[in-house]
Amino acid sequence: MRVVELEARLVRVALRRKVTHASHTRTETDNVVVRCKLSDGSTGYGEGVPRDYVTGETIDFSLDLLKRSNLARQLEPDCTDFVQAVHLAEKLKLEPQPNDDRGILGNAARCAIELAVLDAYGRAFGEPLSRVTELIAPELYQFRDRVQYSGVIGNPRGWKKHVYPLVYRLAGFTQVKLKVGIEGQDDIKRTRTIRRWLGRKMDLRVDANEAWTPESAAARIADLEPFNITSVEQPVRHEEVSGLADVRKRVRAPIMLDESLCGIIDAERAARGGWCDLFNIRLSKCGGFTPSVRLAQFAKAHNLGYQLGCQVGETAILSAAGRHFASSVRDIRYLEGSYDRHLVWEALSKDDLTFRRNGTAPALVGSGLGFALDPARLDWLTKRKEALIG
Ligand SMILES: [Mg+2]
């Protein structure tokens, strides 16, 4: 069996509400969606969400990079079983870029292509995506038939400041992430209010989205520690990430890297420099499913923890892929994703993958990504198409 058609699309997804954090505000997102068809007719889909302020990619860059990367040759070999297909997918390499010493330019595009190939071959050979974890990292593999996602609180105003945390608490969520460092907001006051409405038992962590400096971060974090936060995500800008080694000595809360953790080179530097306690692994940012499993493997080997994060604006394709990761990789400290119905107008799926009222969701056990994409809805949102093979 081999790949006979490959096509990349620019898909424009409208968000249900304005999403704000310390570095950006958005109301829609341009995603790259790849469709991969095999010689037996099996069709798979993959998605990436390029963010220029994370991996330096724009949507046009992603599509052009896919065109330039000689995928026809890389995907030429025949695969006679899923193991071969997984190795083929893991080896996929996009054209190297100049001035990319972190090796991350093109990660969103790579994620889209890898997921499409794994989905197509998974469907052809009757294997779910979660099987990839078992194949490439058996020591990390632990299947769970149900996972529970975190609640996320951005920048609610007025009465919503009390209602959002209260809803999470009453609905039965066990983890909540609060965005801090937003200009004009008093983080101490906000965190105090939100902790009060969440109750004492809720696991609460914060994400500063690069808002602070290495000089101020320790004090900002110490201000929030009385509210029993369990970690602080990306306190400083990536350019100043080495300053976190010192910050970590001065605070109790574990530090998580997000914008500064996009690939294995980042991971090696962070471990060597003692910059963090936790990785925020996100499939699109980290280049796909197999590189993300490798990052979790690296974290484990270096006594670091990890969470699975997601992208604002991802459709059911990345939600489903995240579900497979979440239900097959052991010891994920925090879990984010599957906000579909709450965040996007059109998730592209026939079935709704959004988590249930308390944040829980079942593992997907069907072949490939394990859900049915709606091709008509995909066509409707497609703004540009590029044939890569066929
Ligand atoms: Mg973050």
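The opening residue of the sequence shown carries number 21 in the working numbering; numbering runs sequentially from there.
Quick reminder that beta carbons are idealized off the backbone N, C-alpha and C, glycines included.
Item                                                                                                                                                                    : Value
Does N300 pass the burial test, meaning 16 or more other C-beta atoms within 10 Å, or should it be called exposed?                                                      : buried
For a minimum of 4 consecutive residues, which ranges assigned as the alpha helix (DSSP H) are wholly contained in the segment 323-366?                                 : 336-346 and 360-363
Using the three-state DSSP reduction, which class does G66 fall into: helix, strand or coil?                                                                            : strand
In this structure, does DSSP put R88 in helix, strand or coil?                                                                                                          : helix
Kindly examine ligand 1 and report whether one of its heavy atoms sits closer than 7 Å to the Cβ of N175.                                                               : no
What's the gap between the Cα of D297 and the Cα of D372?                                                                                                               : 34 Å
With three or more C-beta pairs closer than 8 Å as the rule, is the segment 400-408 touching the segment 351-364?                                                       : no
Would you check if the distance between the CB atom of L186 and the CB atom of A129 is smaller than 8 Å?                                                                : no
Could you tell me the alpha carbon to alpha carbon distance between Q94 and R71, rounded to whole angstroms?                                                            : 26 Å
Between the alpha carbons of C131 and L138, how many angstroms are there, rounded?                                                                                      : 10 Å
Can you have a look at K197 and say buried or exposed, based on whether 16 or more other CB atoms are within 10 angstroms of its CB?                                    : buried
Under the three-state reduction of DSSP, which class applies to C56: helix, strand or coil?                                                                             : strand
Measuring alpha carbon to alpha carbon, tell me which residue in L26, R361 and Q162 is nearest K87.                                                                     : L26
State buried or exposed for Y359, treating a residue as buried only when at least 16 other CB atoms are found within 10 Å of its CB.                                    : buried
Comparing C-alpha positions only, which one of T310, L324 and E235 sits nearest to P274?                                                                                : L324
For T310, which residues in the same chain have their Cβ closer than 7 Å to its Cβ, ignoring the five residues on either side in sequence?                              : A109, E110, E134, V152 and I156
Whose C-alpha, out of A237, K57, E67 and V23, is nearest the C-alpha of C99?                                                                                            : V23
Compare the C-alpha of L114 against each of E334, L264, L83 and D206 and name the closest.                                                                              : L83
Considering only the alpha carbon of each residue, which of G178, V167, E203 and L218 lies closest to Y188?                                                             : L218
Pair every Cβ in the segment 49-65 with every Cβ in the segment 378-396, then say whether three or more of these pairs are closer than 8 Å.                             : yes
Can the beta-carbon of R122 be found less than 8 Å from the beta-carbon of C282?                                                                                        : yes
Going by the beta-carbon positions, is the gap between A290 and T335 smaller than 8 Å?                                                                                  : no
Output the distance between the C-alpha atoms of P382 and E48, rounded to the nearest integer angstrom.                                                                 : 28 Å
Which of the three DSSP states, helix, strand or coil, is assigned to Q317?                                                                                             : helix
Specify whether the segment 249-265 and the segment 50-57 touch according to this definition: at least 3 beta carbon pairs, one from each stretch, less than 8 Å apart. : no
Please state whether the Cβ-Cβ distance between Q254 and D278 is less than 8 Å.                                                                                         : yes
Smallest Cα separation from Q168: which of G410, N127 and G357?                                                                                                         : G357
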